[in-house]
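Number 190 in the numbering used here belongs to position 206 of the sequence shown; there are no gaps in the numbering. Ideal placement from N, C-alpha and C gives every residue a C-beta, glycine not left out.
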Amino acid sequence: MDSRKVREKFLHYFKDHGHEIVKSSSLVPKDDPTLLFTNAGMVPFKNLFLGLEKRPYTRAASSQKCVRAGGKHNDLNEVGYTNRHHTFFEMLGNFSFGDYFKEGAIDMAWELLTVGYGIPEEKLWVSIYTDDDEAYKIWNENIGLPHDKILRFGEEDNFWSMGDTGPCGPCSEVYIDQGAEVGCGKPTCKPGCDCDRYLEIWNLVFTQYNRESNGELTPLPKPNIDTGMGLERLAAVLQGVYSNYDSDLFTDIVKLTEELAELRYGQNNKSDISFKVIADHSRAAAFLIADGIMPSNDGRGYVLRRIIRRAIRYGQVLGLKDPFLHRLTDKVVDIMGTDYPELEQSKRFIDEVVINEEKRFADTLFHGLSLLKAEMDGLRLKERHIIPGGLVFRLYDTFGFPPDLVEDIARDDDFSVDIGGFDQAMAEQRASSQRSWKGSGEEVIPEIYRMLATRGLGCQFSGYETLKA
């Protein structure tokens, strides 16, 4: 089943069960300064859960664009090293605002998975919150799931909270057994193991309490349902592949990368990391730019810049020296533009932003990598595998070479980074700058510069992006 049909089947199923189908909102959360990006399907419904907004429906379903690359939920550094982590993904979700509760959510989830998608019942396991006997009874008696396939986990794994106070509740996660051949091989392996055998595919959150400032949980007058299932994981499962990157959401991007790099995916674990990073980051960059985010040195723009530059660096690992990422964001638009028209409408703009960022970063990357490689070679000869914080600071201060990129490179070559030393060097530089500052010097600015400034003309330091102006 191709990914478009997977998405359509989900939305059609819940539409047939009385849900309003809600279009995905922007990756930039509306009126929510607490979030860097929309990172879950429930974000557009947050005010409904908080009781601050009313809408003409009590049931909803969506396929929501999400990015987890900053803040509390940040998968950026895991991308490339696993088969299932992404910065950008789509979250399929169904929601109830004081309508159905646990029984309805569990019944519909089970029916859609086993009947709608045809997943064999014997492959499915579930987890519940340790004290949630109500959920246990529904899974065991209503659904008929055996006792040994219903696992009880603690608060860290199976209890969801919106924040330190506010709506919260237990959750139940659905896992699929992908087979012993993809697992760790341990006889104790079961859902919750870090290996890939038991893959979590759906999380059902039962929002039934309000957490008070003193930590007390009081029942909500109208409990809610919030569920989330990653399209990329589900598509991989239904297409019979063990890696999201082998699903049809990624294969065309990977194939184009193979053509550009003249290398094959799946032949070498180290190069496969690069293929995965590039495939994931090209999707994230295209969607973020289409939603109005521009590369910059802070906030959302900095995360976008970091994503683009991380992809460029991994492109160099594959031998891609010339600008290439804009070719892949074009491919993302080709793949996803029908379902997300904002991509098609922004295609030329996305292309311009990405290629401009590639060109600006080329000199920084070349000079920074050359110096870092030489220093790492020297450290190896001395049998040292910690990159000094002072070197990281010098790379940043001289070339604008990002510390997080140094960490990526170090990780790939079995080095670690003295980030504490980098932070100390940064703090010393700030302190030195403050001590030496004698005022703005406005009184000695030539009149010509005053005139230019009043006319809105000026200059911008670009040393952290390029070595040329």
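- Query: Whose C-alpha, out of F29, E328, I112 and Q251, is nearest the C-alpha of A270?
  - Reply: By one-based count along the sequence shown, residue 270 stands at place 286. When each option's Cα is compared against that of A270, the closest is E328.
- Query: If you drop the 5 nearest sequence neighbours on each side, which residues of the same chain put their C-beta closer than 8 Å to that of K331?
  - Reply: Position 347 of the sequence shown, counted from the first residue, corresponds to residue 331. Hits under 8 Å: D314, V317 and G321.
- Message: Below 8 Å on the Cβ atoms is my contact criterion, and I expect E342 with P307 to pass it. Report the Cβ-Cβ distance as a whole number of Å.
- Response: Sequence index remark: in the sequence shown, residue 342 carries index 358 (1-based). Sequence index remark: in the sequence shown, residue 307 carries index 323 (1-based). Indeed they touch by this definition, with Cβ atoms about 4 Å apart.
- Query: Whose C-alpha, out of C168, E62 and M75, is nearest the C-alpha of K49?
  - Reply: If you number the sequence shown from 1, residue 49 lands on position 65. Nearest of C168, E62 and M75 to K49, Cα basis: M75.
- Could you give the distance in angstroms between the alpha-carbon of E125 and the alpha-carbon of V51? As a first step, residue 125 must be located in the sequence shown, where it is residue number 141. As a first step, residue 51 must be located in the sequence shown, where it is residue number 67. Near 37 Å, if we compare the C-alpha coordinates of V51 and E125.
- Query: What are the residues that DSSP puts in a beta bridge with D347?
  - Reply: The sequence position of residue 347 within the sequence shown is 363, counting from 1. According to DSSP, D347 bridges with nothing at all.
- Message: Could you tell me the alpha carbon to alpha carbon distance between P279 and N252, rounded to whole angstroms?
- Response: Against the sequence shown, residue 279 aligns to sequence position 295. Against the sequence shown, residue 252 aligns to sequence position 268. When rounded, the distance between both Cα atoms is 32 Å.
- Query: Does the beta-carbon distance from H69 to E62 come in below 7 Å?
  - Reply: Mapped onto the sequence shown, residue 69 falls at position 85. Mapped onto the sequence shown, residue 62 falls at position 78. One thing to note: H69 has its Cβ within 7 Å of the Cβ of E62.
- Message: In the DSSP output, what is D161 paired with across the bridge?
- Response: Here residue 161 corresponds to residue number 177 of the sequence shown, with the count starting at 1. DSSP output for D161 lists Y182 as bridge partner(s).
- Query: Do S266 and L312 have their C-beta atoms within less than 7 Å of each other?
  - Reply: In the sequence shown, the residue the question calls residue 266 occupies position 282. In the sequence shown, the residue the question calls residue 312 occupies position 328. Taking 7 Å as the Cβ cut-off, S266 and L312 qualify as a contacting pair.
- Label A454 either buried or exposed according to how many other C-beta atoms from any shown protein chain fall within 10 Å of its C-beta, with 16 as the threshold for buried. Since the first and last residues shown for the chain are -15 and 453, residue 454 lies out of range.
- Message: Beta-carbon within less than 6 Å of L60's beta-carbon, same chain only, minus the 5 sequence neighbours each way: which residues are those?
- Response: Here residue 60 corresponds to residue number 76 of the sequence shown, with the count starting at 1. Contacts found: A53 and T71.
- Task: Note down the Cα distance separating K454 from N142, rounded to an integer number of angstroms.
- Result: In the structure as shown, the chain starts at -15 and stops at 453, and residue 454 therefore has no counterpart that could be examined.
- Query: Going by alpha carbons, who is nearest to V189 out of G25, Y286, R414 and H1?
  - Reply: The residue labelled residue 189 in the question sits at position 205 within the sequence shown. Checked all of G25, Y286, R414 and H1; the closest Cα to V189 is G25.
- Pull up the DSSP beta-bridge partners for P154, would you. Taking the sequence shown and counting its residues from 1, one reaches residue 154 at position 170. DSSP output for P154 lists F143 as bridge partner(s).
- Message: If you reduce the DSSP assignment to three classes, tell me which class S10 lands in.
- Response: In the sequence shown, the residue the question calls residue 10 occupies position 26. Three-state result, S10: coil.
- Query: Is G384 helix, strand or coil by DSSP?
  - Reply: If you number the sequence shown from 1, residue 384 lands on position 400. Looking at G384 - three-state DSSP - the assignment turns out to be coil, as it is neither helix nor strand.
- Between E336 and D132, what straight-line distance do the alpha-carbon atoms span, to the nearest angstrom? Residue 336 sits at position 352 when you count from the first residue of the sequence shown. Residue 132 sits at position 148 when you count from the first residue of the sequence shown. Going by the C-alpha atoms only, they are around 55 Å apart.
- Message: For the alpha helix (DSSP H) containing S266, name the first residue and the last one.
- Response: Taking the first residue of the sequence shown as 1, we reach residue 266 at position 282. Boundaries of the alpha helix (DSSP H) around S266: N253 to A274.
- Task: With DSSP as the reference, label S354 as helix, strand or coil.
- Result: Position 370 of the sequence shown, counted from the start, is the residue given in the question as residue 354. Here S354 sits in helix by DSSP.
- Which two residues bound the contiguous beta strand (DSSP E) that contains E74? Taking the sequence shown and counting its residues from 1, one reaches residue 74 at position 90. Its beta strand (DSSP E) spans residues F72 to F81.
- Item | P171 burial status per 10 Å Cβ neighbour count (16 or more: buried) | Here residue 171 refers to the residue found at position 187 of the sequence shown. Exposed, since its Cβ has fewer than 16 Cβ neighbours within 10 Å.
- M(-15) (DSSP reduced to helix, strand or coil): Taking the first residue of the sequence shown as 1, we reach residue -15 at position 1. If DSSP states are grouped into helix, strand and coil, M(-15) belongs with coil.
- Item | Buried/exposed call for H369, threshold 16 Cβ in 10 Å | Position 385 of the sequence shown holds residue 369. With fewer than 16 Cβ atoms within 10 Å of its Cβ, H369 is classed as exposed.
- Task: Mind reading off the beta-carbon distance from D236 to A219? Whole number of angstroms is fine, and I expect it under 8 Å.
- Result: The sequence position of residue 236 within the sequence shown is 252, counting from 1. The sequence position of residue 219 within the sequence shown is 235, counting from 1. Taking the Cβ atoms as the reference, D236 lies roughly 14 Å from A219, outside the contact range of under 8 Å.
- Message: Let me make sure I understand the geometry here. Which of N31, R39, G35 and K14 has the alpha-carbon closest to that of H3?
- Response: By one-based count along the sequence shown, residue 3 stands at place 19. Closest option to H3, Cα to Cα, is R39.
- Query: Whose CA, out of T211, G82, I393 and I403, lies closest to the CA of L349?
  - Reply: To locate residue 349, count along the sequence shown from 1; it is residue 365. Minimum Cα distance to L349 is reached at I393.
- Message: Suppose contacts are defined by Cβ-Cβ distances below 7 Å. Is L288 in contact with L272 by that definition?
- Response: Taking the sequence shown and counting its residues from 1, the one referred to as residue 288 is at position 304. Taking the sequence shown and counting its residues from 1, the one referred to as residue 272 is at position 288. Yes, the Cβ-Cβ distance between L288 and L272 is below 7 Å.
- Message: When you compare the CB positions of H187 and F33, do they come within less than 7 Å of one another, or not?
- Response: By 1-based counting over the sequence shown, the position of residue 187 is 203. By 1-based counting over the sequence shown, the position of residue 33 is 49. As written in the sequence, residue 187 is Asn, which differs from the His given in the question. Not closer than 7 Å, so no.
- Task: Taking 7 Å as the cut-off, decide whether the C-beta atoms of T42 and D16 are in contact.
- Result: Position 58 of the sequence shown, counted from the start, is the residue given in the question as residue 42. Position 32 of the sequence shown, counted from the start, is the residue given in the question as residue 16. Cβ distance not < 7 Å, so T42 and D16 don't count as in contact.
- How long is the line joining the alpha carbons of P387 and F377, rounded to whole angstroms? As a working mapping, residue 387 is identified with position 403 in the sequence shown. As a working mapping, residue 377 is identified with position 393 in the sequence shown. Roughly 8 Å separates the two Cα atoms.
- Item | Presumed contact (8 Å Cβ cut-off) between T211 and A89, rounded CB distance | Taking the first residue of the sequence shown as 1, we reach residue 211 at position 227. Taking the first residue of the sequence shown as 1, we reach residue 89 at position 105. Rounded, the Cβ-Cβ distance is 6 Å, consistent with contact.
- Task: Answer yes if the stretch 137 to 152 comes into contact with the stretch 110 to 117, meaning at least three C-beta pairs across the two stretches below 8 Å, and no otherwise.
- Result: yes
- Quick one: is V158 buried, meaning 16 or more other Cβ sit within 10 Å of its Cβ, or exposed? Translated into the one-based positions of the sequence shown, residue 158 becomes position 174. It counts as buried.
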